[in-house]
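A quick write-up on the structure given underneath.
Chains as they are written, first to last, in this note's numbering: chain A, 922 to 1249; chain B, 15 to 322.
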C-alpha cells in the first residue's frame, strides 16, 4: 500500500483519460444542436458539455433508488433497539435512537467476540489479499514482459481454472488441508486466498499497457538486476493497477464466507461474515438469545470499512479498471 | 480455454513484442513461480484429488474401493441433482438477462454524458459490490420478512397482503433479486470501462454519416463492447451455477422453501458435510464443473461468432 501512495503520479496518464474528457462529446454536441429548444435549460447550467437529459437522469435514479434503499434501511435499522425494530417502519427512524448503544453492545456481547472477528478479518485481508495482490503483480509482470518456456500453458491452465466452481474445489481442498492438519486454523483461510486468477489477468493486461519495454531495457543496460528492475522501474508504473487488484482481492477476502464456513469450527477464528451469520442463526436455536439489533449493527460495521476504501480510492481503482478493461 | 481471453493472449503477447523483449529465457519463471506454486497447491491439487475421490466409494464393509465411473452414473440418475440443476438453470435464464440488461442501460446512460451527477451515479450504483453476500442476504432477508421488514410495512400501510417473498413459490425470485442487487453495479462498471475506450474516431465518423444517438449505440457502442459483454455473461453464468451463499443464509428464514439440495453446490456441500459422502459429492461437483465449462464455452462461441 505504501509504495502505491508515493507513486500515485504514475497513474495520472490513465486517470486523465477517464473522469472528465468525454470521448463522444462531439456526437452529443451535434445531437444537442438538433434538440436545441428542449435542451436549452440544462445546457445553460453546464456550458460546453453534451445536453443533459432529465428523463434519463430520472430513469437512472430509479436504479439508484433500488441500490440505496437497502443500505438506507440498514443504517436506519442500526439506530433501533430490538423492540424498535419490530414497532417502527423500516424506512424511518423510531422514537429510540440506539445507534451508539447498539455499537457498544455489538463490541461487548459475548466477551467482545465481534472485535475478535474484526481482527481475524483484518488478518485474513492483510495476509490473504495482500499476498494475492503481490503474487498477481509478479505473475502479471512475468506474463506481460517475459517470454518463457511454458508461458502459454500457464495461461491456459489459469484461465481454465477460473471456470471451475469454487465449491467444487472446496471439498477436496478441505479434505487435503485436513490431512495436512491445517483446518480450523487461519492458514486454511489464508492460503487459498493467495491465488486470484482475476487479479493475475488484470495485472497482466495492466502491465502490458503501463510498462514500456524500452524502460526495462534501459535499466538492464545500466546493469540493474531483474529484481532491482522490477522494484525500481516496473512497480511504480503499476500503481493504479495495484490499487485496483488490491481492492478487488480485499473485497473477495473480506466477503469470503464459503471457505471459512467449511474450514473453521472454532468461532475464535471466524471472520465477520461467518460470525454475523452465526449470530443470526442463534435466533433459530431453542433458548438462543435473539439479537437482531446486533446482527444489523454488526452488518453495518462490516460494510463501512470497505465502502470507505472504495470511496477514498475511487480515482485509482477506476483508472486501473479502465486500463485493464477489454480493449478490442 | 473457456473464456474469450486466451485467443487475445496468444495474439497479444508473443507476436507484437519488439525484438529486444522476445529473448526466450527462464527469467519469467522467477516472477510467476510463486503464483504457480500456490496455484498448484490450491487449484490443481484439489482438482486432481477430486477426480481421484470420485472414482472410489466408501463401503460400510470393506472400506474404500475403486468403483470406476459408478459415482458418475449414480449422479446422472439422481433426481435431486437434476432438480437442483433445473433450478439454477431457470435462475440463470431469468436473472442474468435482467441484471446485465439493467447494467448495460446504466452503462450506456453514464457514457452518453447526458446524466446529471454522473460520477455520483456511477459510484453509488457500484457500492453494493462492497457488501458481503452474507450481509446483503441478511439485509434483504430482514426486509422480506413480515416482522420488521419492508413487506410488513407495506402490508400495514396499505392494508393489503403482499405475497410472501420467502414462500416456496417466490423464494427463487427473491434470491434473484438479492444477486441482482449485489452485482448490477459491478457489471455496469465493467461495461462502462469498456465503453470508455471506444475510439473517438468512430463517433466522429458516425456524426459525419448523420447517425443519431440510437444508431450510434446499436452500430458502434454495442459491437465495440461485445468482448466485455461476453465476459460479463460468462462470469454471471459461472456465478449462477455456483449459487450457494444466498440460499444458505436465507435458509435460516425460509427453512421449508429452501432445501439442502436447493442448488447443485448446496447439494454437494450437504453431501460432504452432513452426509459424509465425500466420493459421491466429488463426482457431482466435477459434473457441475464440466457443465459450467461447456456453457461458458458455448457463450464464448456464440458471442464471438457474431463478430465474424
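We treat Cβ as the ideally placed atom computed from N, Cα and C, and that holds for glycine.
Considering only their Cβ atoms, is the gap separating residue j from residue i smaller than 8 Å?
i                       : j                       : result
residue 298 of chain B  : residue 248 of chain B  : no
residue 988 of chain A  : residue 141 of chain B  : yes
residue 1214 of chain A : residue 1001 of chain A : yes
residue 1018 of chain A : residue 1219 of chain A : no
residue 1141 of chain A : residue 1129 of chain A : no
residue 102 of chain B  : residue 254 of chain B  : yes
residue 1063 of chain A : residue 75 of chain B   : no
residue 1197 of chain A : residue 1185 of chain A : no
residue 296 of chain B  : residue 1113 of chain A : no
residue 1117 of chain A : residue 1057 of chain A : yes
residue 164 of chain B  : residue 1011 of chain A : yes
residue 48 of chain B   : residue 1090 of chain A : no
residue 1189 of chain A : residue 38 of chain B   : no
residue 196 of chain B  : residue 145 of chain B  : yes
residue 1192 of chain A : residue 1041 of chain A : yes
residue 981 of chain A  : residue 123 of chain B  : yes
residue 261 of chain B  : residue 95 of chain B   : no
residue 153 of chain B  : residue 1115 of chain A : no
residue 112 of chain B  : residue 985 of chain A  : no
residue 259 of chain B  : residue 1179 of chain A : yes
Does any residue of chain B have a CB that is nearer than 8 Å to the CB of residue i?
i                       : result
residue 1251 of chain A : For residue 1251 of chain A there is no data in the structure shown, the boundaries of chain A being 922 and 1249.
residue 1166 of chain A : no
residue 1184 of chain A : no
residue 1047 of chain A : no
residue 1205 of chain A : yes
residue 948 of chain A  : Confidence at residue 948 of chain A is low in this model, with a pLDDT of 37, below 50, so the placement of that residue should be treated as unreliable; the coordinate-derived value is given next. It does: the Cβ of residue 948 of chain A has a partner Cβ on chain B nearer than 8 Å.
residue 1202 of chain A : yes
residue 1127 of chain A : no
residue 1220 of chain A : yes
residue 1178 of chain A : yes
residue 1143 of chain A : no
residue 974 of chain A  : yes
residue 1051 of chain A : no
residue 1223 of chain A : yes
residue 1228 of chain A : yes
Where DSSP assigns a beta bridge to residue i, which residues make up the other side?
i                     : result
residue 72 of chain B : B/78
residue 38 of chain B : A/1068
Is the Cβ of residue i closer than 8 Å to any Cβ of chain D?
i                     : result
residue 72 of chain B : In the displayed structure, chain D is absent; the protein chains listed are A and B.
Out of the options, which one is the CA nearest neighbour of residue i?
i                       : options                           : result
residue 1182 of chain A : B/148, B/132, B/136 and B/43      : B/148
residue 238 of chain B  : B/226, B/177, B/134 and B/205     : B/205
residue 86 of chain B   : B/69, B/99 and B/61               : B/69
residue 309 of chain B  : B/251, B/284 and B/278            : B/251
residue 211 of chain B  : B/283, B/234, B/177 and B/158     : B/234
residue 1154 of chain A : A/1131, A/1236 and A/1205         : A/1131
residue 1241 of chain A : B/266, B/78, B/269 and B/207      : B/207
residue 1225 of chain A : A/976, A/985, A/1039 and A/984    : A/1039
residue 1066 of chain A : A/1202, A/1176 and A/1159         : A/1159
residue 1123 of chain A : A/994, A/1030, A/1237 and A/1061  : A/1061
residue 128 of chain B  : A/979, A/1228 and A/1211          : A/979
residue 1004 of chain A : A/1147, A/1047, A/1127 and A/1015 : A/1015
residue 1077 of chain A : A/1041, A/1105, A/1096 and A/1121 : A/1121
residue 193 of chain B  : B/57, B/105, B/283 and B/65       : B/105
residue 1206 of chain A : B/315, B/267 and B/289            : B/267
residue 1166 of chain A : A/994, A/1127 and A/1079          : A/1127
Does any C-beta atom of chain A lie closer than 8 Å to the C-beta of residue i?
i                      : result
residue 143 of chain B : yes
residue 315 of chain B : no
residue 129 of chain B : yes
residue 3 of chain B   : Chain B is shown only over 15 to 322; residue 3 of chain B falls outside these bounds and no answer can be derived.
residue 63 of chain B  : yes
residue 154 of chain B : yes
residue 98 of chain B  : no
residue 112 of chain B : no
residue 101 of chain B : no
residue 312 of chain B : no
Does the ligand NAD have even one heavy atom less than 7 Å from the beta-carbon of residue i?
i                      : result
residue 170 of chain B : Absent from the structure shown: the ligand NAD. Ligands present: none.
| request: With 8 Å as the limit, tell me which residues of the stretch 282-307 of chain B have their beta carbon closer than that to any beta carbon of chain A; keep them in chain order. | output: From the stretch 282-307 of chain B, only 282, 283, 286, 287, 292, 295, 296, 299, 300, 302, 303, 306 and 307 have a Cβ closer than 8 Å to chain A.
| query | What are the residues of the stretch 165-189 of chain B that lie near chain A, defined by any Cβ-Cβ distance shorter than 7 Å? | reply | 167
| query | Going along the chain, which residues of the stretch 1008-1039 of chain A sit with their C-beta nearer than 9 Å to a C-beta in chain B? | reply | 1008, 1009, 1010, 1011 and 1012
| query | Using a Cβ cut-off of 9 Å, which residues of the stretch 1147-1165 of chain A contact any Cβ in chain B, in chain order? | reply | 1147, 1148 and 1151
| Which residues, in chain order, does the stretch 1096-1116 of chain A contribute to contact with chain B at a C-beta distance below 8 Å? | 1096, 1097, 1112, 1113, 1115 and 1116
| request: Please list the residues of the stretch 79-92 of chain B that have a C-beta atom closer than 9 Å to any C-beta atom in chain A, keeping them in chain order. | output: none
| Members of the stretch 248-275 of chain B that neighbour chain A once the beta carbon cut-off is set at 7 Å | 252, 255, 256, 258, 259, 263 and 266
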